[in-house]
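Participant: Encoded as structure tokens, here's the structure I'll be asking about.
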Amino acid sequence: MRKTGEEVNNYTLTSVIAACTQPTMIEESTQIHCLILKTGFYLDAAVGAALINMYSKVGAADLSERVFQEMENLQDMGTWAAMASSYAQNQASGRATELFQKMLQESLKPDEFCTSSGKVHLRPVRFGTLKGD
């Protein structure tokens, strides 16, 4: 795409990222991430959420978490949900619970956080907060 002079934007990047989610595609995933850093689109929340999902699906949950942490000032519900999904896909229910607690501390109201992204087994505790099994 770049060779033909096509403009790289957040829409094309999220599409390319979505295409690189096979467990064997870690090298391609990191190459795309490098391209994103070079072009400056990393600061876009949609691209960040796509990166979190991509790294989770290629089995690099640590890189998902790094992307999420580096986006601290740009996080939106999409990036939080992507990170919750990453934890769930990588059997880290304890980390998902910690993330949920942090959301509450940040005064974020989870919309479909636990139902669509979670797949994390949570049980109710006092005052309506949640705790991992």
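Okay, so the sequence shown: first residue is 7 according to my numbering, each after it adds one. We treat Cβ as the ideally placed atom computed from N, Cα and C, and that holds for glycine.
1) At the level of alpha carbons, what is the spacing between Q75 and E12?
2) From L41 to T30, what distance separates their C-alpha atoms?
3) Using three-state DSSP, classify L114 as helix, strand or coil.
4) Cutting at 8 Å between CB atoms, please list the residues of its own chain near N16, excluding the five before and the five after it.
5) To the nearest angstrom, how far is the alpha carbon of T10 from that of Q97?
6) From S21, E78 and E112, pick the residue whose C-alpha is nearest to that of A56; which is it?
7) With a Cβ-Cβ cutoff of 7 Å, do A67 and S92 count as a contact?
Facilitator: This is what the structure holds:
1) Approximately 31 Å between the Cα atoms of the pair.
2) Each residue's Cα considered, the two are about 19 Å apart.
3) DSSP places L114 outside both helix and strand once states are collapsed to three, so it counts as coil.
4) Here the set comprises F47, D50, A52 and V53.
5) Rounded to whole angstroms, T10 to Q97 spans 41 Å at the Cα level.
6) Of the candidates S21, E78 and E112, the one whose C-alpha sits nearest the C-alpha of A56 is S21.
7) Against a cut-off of 7 Å, the Cβ pair of S92 and A67 comes out as a contact.
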